[in-house]
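Be aware that the sequence shown starts at 1377, since it is given in the numbering used here, and climbs by one per residue.
In this text, a Cβ means the ideal position worked out from N, Cα and C, and glycines have one as well.
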Amino acid sequence: MEITHNRRRWIREVLNPPEIGVLYTGNQGFLPGASASRQPSLLFVDLLNRSLGGVILRTKWQIELETEFYLQIHNALEDLWETVKVRAKWANADPHRPGYTIVGVEFCPPEEAGRTPEEQRPSRKIVPLPSDYELFRDWELFQAIPRTAVCAVLNELKFETVKAGYRLLKTGTRIDTCYLIQSGSCIVHVEKNGKPQPVGRLHPGDIAGEMALLDDIPLEMHVDAETDLELWTLNRKRFDAICTEHPELRSFLTYLLTQRFEAANHHLRRMLDPYLITDITGEGSHSLIFKGMHATLKLPVSIKMLKHELSLEKPFIEPMEKQARRIARLNHPNVARIYQVQHRYRTLFWISEHLSGEPLKSLLERWKKLPLNRVTHFLVQACRGLDHAHQHGITHCRITPGNLMITTGDRLKIVDFMIGPRAEKLAVEDTGGLHYRAPEQTRGDGFDHRVDLFALGSVAYEMISGQKLHAGDKIAPLSDDPVFRQPGFPEILKRFVAKACAADPAERFDSAQQALNHLQALADHYGVPQGQPAGEQRKVATISLVFRERDQNALNQTLEAFSAKVIELDAEITGIDIDDL
């Protein structure tokens, strides 16, 4: 809480976060321009600061000066509403929130008469009241709405009632409105063999029809009112308008989709055909990682989802999807394979191979540093994978121990390529990669594939020394580092780190292939396996089987023989199961 001195006479208290206020307008006091049918009888407003003489509030509506209103202020500490009469004294455009107005109101003397807020409330509930807000704020669903967008959302909710037995949502229809349940319950049905089968129940605080906000696709379930319902509706068009004014509200879409993917009931989940999302396994600043399964073949996959804060930026998403598909064409044993890219639910998904193993970061946390033969093995593989990517015009931008996966047999695979026109900006914002970031990245200058070589040199230093390379270290300190003056320390490895980590990109290796050539003699000394010839890169094949139930036993025997033959060919089957199709 910040205290400032008003230039007039009052000491002002800056409210951070803003407090919630309810302005009772009685459908009057608005400047010309707003249609009478759209003029609200009450408004939720953000209170930005207050003093003994008045408050400063923020609203979308143009308030006529000298108009008097009743204002209810929610005291969060004491959990009660204070009612005061106020008069609008000045108004300015909000420089930080286009389309909004900052209004200064003064408290009226308490002896001045007027209609009470209760008398000014509409005779029939249409919009939320303070008592509704008190209910909403305890819902997990509502808590996922960023505080700065709460008032905007409250002002767009519309009240409806539905009788028991009414079909709220119907399979096969497209919808543009979702429903927040305030009281009552609904039954969710899916069609199976032409008959509705109940698969879930929705209660107060749940949302029905969230797909209205997430995608324009036909529904796959019915939702019927089990009891009389009190609902709050939110239209997709209005929601998108709020997102334009409050981009932070886009995170609410990520919350809705994550809740859907984590639903306990299989039928309430939504597949990324033909993949079924099962569990969330990780979260970054810009994406979520899920474990998935091919619905028919039961093959495990990893699914990365871009958060909606980025995916709804139109200038960003189209080039990003294009580059994601370029990355999906990479096919190398030291690069994690992306099987498919999907644009669904207003965001992007990357479906890639599921890797059994652990990131190099975990190895280093456990062992601090690694034997030099193992260091060399990992560096050689990383150079091979980077060379393949660079030849296809793709720079990783964020090589760190966390993005180098070590799988069975010490096979290294590069994961999590940065994608899209903002890749450079996102890489600079990623504080977790600070120790592996080239100087030109830190400065925000333009850069090329050589930033990956700098990062790999930093990773090499960490594997050798057990310490992170400090930002700003130059060639000279690296050359004199005690780590490299150990008896018998390979000169090749010392020169590799010094050259890869040169501050000037022109002094680094020109390419990953040049870095690999530099390491080759040491790799031969340690017996590091040669890479697969170009014609022998591993590929992925997907097989779908449709069969009669009576043939299942015979098919199982055939698949067992097939699996044995696959193993003889040094190939892998990552998962196989036969279920009802």
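Go ahead and label residue i buried or exposed: buried means 16 or more other beta carbons lie within 10 angstroms of its beta carbon, across all protein chains shown.
i: ASP1582; result: buried
i: PHE1793; result: buried
i: PHE1923; result: exposed
i: ARG1550; result: exposed
i: ILE1432; result: buried
i: ASN1893; result: exposed
i: LYS1501; result: exposed
i: HIS1901; result: exposed
i: SER1427; result: buried
i: ILE1727; result: buried
i: LEU1739; result: buried
i: ASP1422; result: buried
i: SER1559; result: exposed
i: ARG1434; result: buried
i: LEU1731; result: buried
i: SER1687; result: buried
Using a Cβ-Cβ cutoff of less than 6 angstroms, which residues in the same chain neighbour residue i once the five nearest sequence positions on both sides are dropped?
i: THR1630; result: LYS1683, HIS1684
i: ARG1614; result: GLU1532
i: GLU1586; result: CYS1554, LEU1632
i: ASP1600; result: ARG1543, ILE1563
i: ALA1704; result: ILE1714, VAL1717
i: PRO1881; result: ARG1826
i: THR1603; result: ALA1540, GLY1560, SER1561
Classify residue i as helix, strand or coil using the three-state DSSP reduction.
i: LYS1922; result: According to the sequence as given, residue 1922 is Val; it is not Lys. Coil.
i: ASN1904; result: For the record, residue 1904 in the displayed sequence is Val; it is not Asn. Three-state result, VAL1904: coil.
i: LEU1424; result: strand
i: ASN1392; result: strand
i: LYS1465; result: strand
i: LYS1870; result: helix
i: HIS1719; result: strand
i: GLY1833; result: helix
i: ILE1851; result: Residue confidence is low: ILE1851 scores 48 on pLDDT, short of 50, so the model does not pin down where it sits. Its coordinate-derived value is still stated next. In this structure, ILE1851 counts as helix in the three-state DSSP scheme.
i: ILE1502; result: coil
i: PHE1865; result: coil
i: SER1507; result: helix
i: MET1669; result: strand
i: PRO1735; result: strand
i: ASN1893; result: helix
i: TRP1386; result: coil
i: ILE1521; result: coil
i: TYR1446; result: strand
i: ARG1884; result: coil
i: GLU1458; result: strand
i: ASP1514; result: coil
i: LEU1433; result: strand
i: LYS1534; result: strand
i: LEU1648; result: strand
i: ASP1470; result: coil
i: TYR1631; result: helix
i: LEU1898; result: helix
i: SER1841; result: helix
i: THR1620; result: helix
State yes or no: is the C-beta of residue i nearer than 7 angstroms to some heavy atom of the ligand GDP?
i: LEU1433; result: Absence of the ligand GDP from the depicted structure is noted, as is the absence of any ligand whatsoever, leaving it without description.
Could you pull out every residue in the same chain whose Cβ sits closer than 8 angstroms to the Cβ of residue i, ignoring the five residues on either side in sequence?
i: ILE1521; result: VAL1529, LEU1625, PHE1628
i: ARG1702; result: HIS1768, GLY1769, ILE1770
i: GLY1541; result: ASP1600, ALA1601
i: GLU1734; result: MET1781, ILE1782
i: SER1663; result: LYS1680, MET1681, LEU1682, LYS1683
Strictly under 8 angstroms for the Cβ-Cβ distance: is residue i near chain B by that measure?
i: LEU1530; result: Given the protein chain composition of this structure (a single chain), no chain B is represented.
If I measure Cβ to Cβ from residue i and keep anything under 7 angstroms in the same chain, skipping five residues before and after, which residues do I get?
i: HIS1764; result: LEU1706, HIS1708, VAL1711
i: THR1547; result: GLU1567, LEU1595, GLU1596, MET1597, HIS1598
i: TYR1812; result: ILE1775, THR1776, ALA1831, SER1834, VAL1835
i: ASN1749; result: TYR1902
i: ALA1489; result: The predicted position of ALA1489 is uncertain, since its pLDDT is 49 and thus under 50; a value taken from the coordinates is nonetheless stated next. Answer for ALA1489: no residue qualifies.
i: LEU1829; result: ALA1876, ARG1884, PHE1885, ALA1888, ALA1891
i: ALA1354; result: For the chain, the structure presents residues 1377 to 1957; residue 1354 sits outside this window and is missing.
Next on the checklist: For the segment 1754-1767 against the segment 1709-1723, do three or more pairs of beta-carbon atoms, one drawn from each stretch, fall closer than 8 angstroms, so that the two count as touching?
Outcome noted: yes
Checklist entry - In chain order, which beta strand (DSSP E) runs of at least 3 residues are fully inside the segment 1673-1715? => result Qualifying beta strand (DSSP E) stretches, in chain order: 1676-1682.
Next on the checklist: Does the segment 1619-1634 come into contact with the segment 1556-1576, if we say contact requires no fewer than three beta-carbon pairs (one atom in each stretch) closer than 8 angstroms?
Outcome noted: no
Checklist entry - Touching or not, the segment 1759-1779 and the segment 1824-1844, by the rule of three or more beta carbon pairs under 8 angstroms? => result Pairwise C-beta distances place the segment 1759-1779 in contact with the segment 1824-1844, as three or more of them are shorter than 8 angstroms.
Next on the checklist: Runs of 3 residues minimum, wholly inside the segment 1743-1831: which ones carry the beta strand (DSSP E) assignment?
Outcome noted: 1780-1783, 1787-1790
Checklist entry - Taking one C-beta from the segment 1393-1403 and one from the segment 1444-1453 each time, how about it: are there three or more such pairs within less than 8 angstroms? => result yes
Next on the checklist: If contact is defined by three or more beta carbon pairs under 8 angstroms, each pair taking one atom from either stretch, is the segment 1731-1747 in contact with the segment 1652-1670?
Outcome noted: no
Checklist entry - For the 8 angstroms Cβ check, are there 3 or more pairs between the segment 1854-1870 and the segment 1884-1899? => result In the pairwise beta carbon analysis, the segment 1854-1870 is classified as touching the segment 1884-1899: at least three pairs are separated by under 8 angstroms.
Next on the checklist: Restricting to runs no shorter than 3 residues, where is the beta strand (DSSP E) found entirely within the segment 1537-1614?
Outcome noted: 1543-1545, 1553-1559, 1562-1568, 1571-1578, 1598-1601, 1605-1611
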